[in-house]
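In my numbering, the protein residues as written are 39 to 596.
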């Protein structure tokens with residue numbers, strides 16, 4: 039017989055679960071060893087039901103939070119919850135079994151109450167190096183997944199509270215260029231899962247295991263109902279959009295088409311990617327879990343923050359992913375750089391809805407998360423791998439300018455502080471500044487990108503540059519201008535200059551400098567309608583040059 043749900047208890051438990059997920063996230067970030075996690079925040083934590091639906095999410099990375107859903111389901115399909123014991127931990131990363139890309143390793147731990155499992159604590163961390171053909175494990179010139187690093191099917195990593203599988207540990211250490219850092223991050227994940235399991239178990243002691251299961255089900259059902267109601271308020275119909283990625287890292291002059299038809303009907307949200315580019319030779323393919331992440335993020339953007347985010351929200355989503363396309367590739371296609379494609383798919387879904395939701399969806403964001411990887415040996419003979427994740431500007435909205443240098447479209451990371459970067463690699467960051475004029479002109483201006491220059495001080499460095507928007511500008515909306523495209527240049531110590539064609543794996547030497555300039559977001563509305571005081575402020579703040587103010591905003595007409 040179902041237990042009666044007290045609405046006050048339900049709300050208290052919901053907020054407690056959200057707090058537990060965020061405590062897991064804090065533990066994960068504070069305990070990790072690698073700068074890409076402790077400073078770049080490239081890790082996520084979540085709680086799941088026994089059926090593999092999201093129960094509560096940390097404020098973390100939407101791509102991770104969505105792709106952990108098929109991970110948990112895959113693990114439970116191979117290790118049924120009825121066979122699990124308290125303290126067990128499972129791990130996997132294989133994209134073709136439900137993961138996302140090889141650096142993102144998920145750890146999943148069952149949570150017990152009254153002697154039986156009632157939920158799961160899960161974490162996903164982007165590990166700085168998991169082997170493969172280049173330091174950092176995101177080679178933009180990979181042509182098959184075997185070149186990208188260590189693949190892990192669902193494995194039992196710990197048996198009970200203290201018996202780790204030493205064979206797995208030895209394999210993990212052997213396949214990373216920085217094994218101590220790698221294992222430090224793995225154990226940070228263990229700590230975060232342990233915190234989540236302890237907190238949920240303590241909550242279950244107060245309410246009882248059966249009541250907790252009833253509360254979980256009610257929370258998901260309510261989010262589903264609220265999401266479907268929100269969708270029913272949007273005009274029914276099918277809406278389309280097309281955008282492009284620069285290239286696949288192999289065929290550098292070939293643009294990659296992302297096409298979507300979004301259908302909203304009777305509380306369902308269908309994204310049909312028929313017409314999207316076939317799978318590519320390079321590593322910009324996305325397995326279905328990543329396409330799910332794009333759709334889930336877009337859905338939550340348009341249905342409102344007042345709806346609690348959990349698996350119930352996603353029951354309304356249907357995807358059409360043609361087999362053999364870049365969003366549903368056939369194995370062994372490489373997938374390590376899938377973030378760029380997920381971001382473009384997310385932006386395309388939102389772009390399709392701009393016309394019917396003009397107060398919700400603004401101009402195109404830069405939609406790039408520039409990934410830079412530097413690997414080599416320092417002056418003391420220590421091997422290092424350091425990665426940066428750098429944003430561009432967001433698109434302007436109907437009532438506000440875009441935000442400068444911010445992650446959008448299903449990512450949520452940070453670049454590294456200069457001090458942290460320079461401590462871990464013999465590389466100096468000579469300058470960091472906003473990229474003037476990069477935001478699209480408009481009544482509301484697009485957000486600016488960033489300029490950042492690196493100089494190699496010692497040793498030979500293997501350098502990976504995974505960029506976007508070098509050839510395809512972020513579009514404005516409502517008559518607004520496009521954002522400025524990205525640009526990166528290597529200035530060799532010899533005096534030669536090499537323009538980076540969006541994607542590159544190369545070698546740097548002492549005295550070489552790399553200047554990166556990320557894209558700006560699109561503008562919203564005609565530039566001539568921008569308030570004069572705002573144009574003057576942009577010029578005074580160095581965000582727009584006087585020349586651009588005269589040319590695009592007609593400042594001389596005052």
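Ideal placement from N, C-alpha and C gives every residue a C-beta, glycine not left out.
6 angstroms Cβ shell around residue i - same chain, five flanking residues per side excluded
i: residue 231; result: 145, 147, 159 and 161
i: residue 587; result: 573, 577 and 593
i: residue 310; result: 299 and 358
i: residue 179; result: 287 and 543
i: residue 439; result: 482 and 483
i: residue 296; result: 281, 314, 382, 383 and 386
i: residue 56; result: 94
i: residue 227; result: 145, 161 and 163
Three-state class that DSSP yields for residue i in the structure shown
i: residue 106; result: helix
i: residue 39; result: With a pLDDT of only 41 at residue 39, under 50, the local geometry of the prediction cannot be trusted, and no value is derived from it.
i: residue 468; result: strand
i: residue 513; result: coil
i: residue 330; result: helix
i: residue 426; result: strand
i: residue 493; result: strand
i: residue 417; result: coil
i: residue 165; result: coil
i: residue 338; result: helix
i: residue 450; result: coil
i: residue 151; result: strand
i: residue 399; result: coil
i: residue 96; result: coil
i: residue 411; result: strand
i: residue 75; result: helix
i: residue 324; result: coil
i: residue 457; result: helix
i: residue 354; result: helix
i: residue 84; result: strand
i: residue 535; result: strand
i: residue 374; result: coil
i: residue 441; result: coil
i: residue 530; result: coil
Counterpart residues of residue i in DSSP-defined beta bridges
i: residue 541; result: 504
i: residue 436; result: In DSSP, residue 436 forms no bridge with anything.
i: residue 525; result: 555
i: residue 482; result: 562
i: residue 359; result: Residue 359 pairs with nothing; no bridge assigned.
i: residue 488; result: 472
i: residue 157; result: 149
i: residue 546; result: 499
i: residue 366; result: 363
Buried or exposed by the 16-neighbour rule on C-beta atoms within 10 Å, applied to residue i
i: residue 530; result: exposed
i: residue 137; result: buried
i: residue 129; result: buried
i: residue 483; result: buried
i: residue 427; result: buried
i: residue 335; result: buried
i: residue 317; result: buried
i: residue 528; result: buried
i: residue 63; result: buried
i: residue 163; result: buried
i: residue 447; result: buried
i: residue 461; result: exposed
Spatial neighbours of residue i in its chain, beta-carbon cut-off 7 angstroms, leaving aside the 5 residues before and after
i: residue 116; result: 192
i: residue 279; result: 298, 386, 389 and 390
i: residue 139; result: 133, 373, 374 and 376
i: residue 110; result: 86, 90, 146, 158 and 160
i: residue 175; result: 140, 141, 167, 168, 169, 186, 187 and 374
Close Cβ partners of residue i (< 8 angstroms) along its chain, the five nearest in sequence each way excluded
i: residue 580; result: 472 and 474
i: residue 39; result: For residue 39, the predicted model reports a pLDDT of 41, less than 50, meaning its position is unreliable; a value from the coordinates is still stated below. Excluding sequence neighbours, residue 39 sits near nothing in its chain.
i: residue 185; result: 170, 171, 177 and 372
i: residue 304; result: 270 and 274
i: residue 456; result: 467 and 470
i: residue 406; result: 378, 381, 429, 430, 505, 506, 507, 524, 556 and 557
i: residue 210; result: 188, 217, 220, 221 and 224
Check: residue i C-beta below 7 angstroms from any heavy atom of the ligand NAD
i: residue 397; result: You won't find the ligand NAD in this model; it holds no ligand whatsoever.
Where are the beta strand (DSSP E) runs, 3 residues long or more, that stay fully inside the stretch 240–321, in chain order? 275–283, 294–303 and 306–310
Residue ranges of each alpha helix (DSSP H) run of no fewer than 4 residues wholly in the stretch 174–253, ordered along the chain? 204–212 and 217–245
Enumerate, from N- to C-terminal direction, the unbroken alpha helix (DSSP H) stretches of 4 or more residues contained entirely within the stretch 110–149. none
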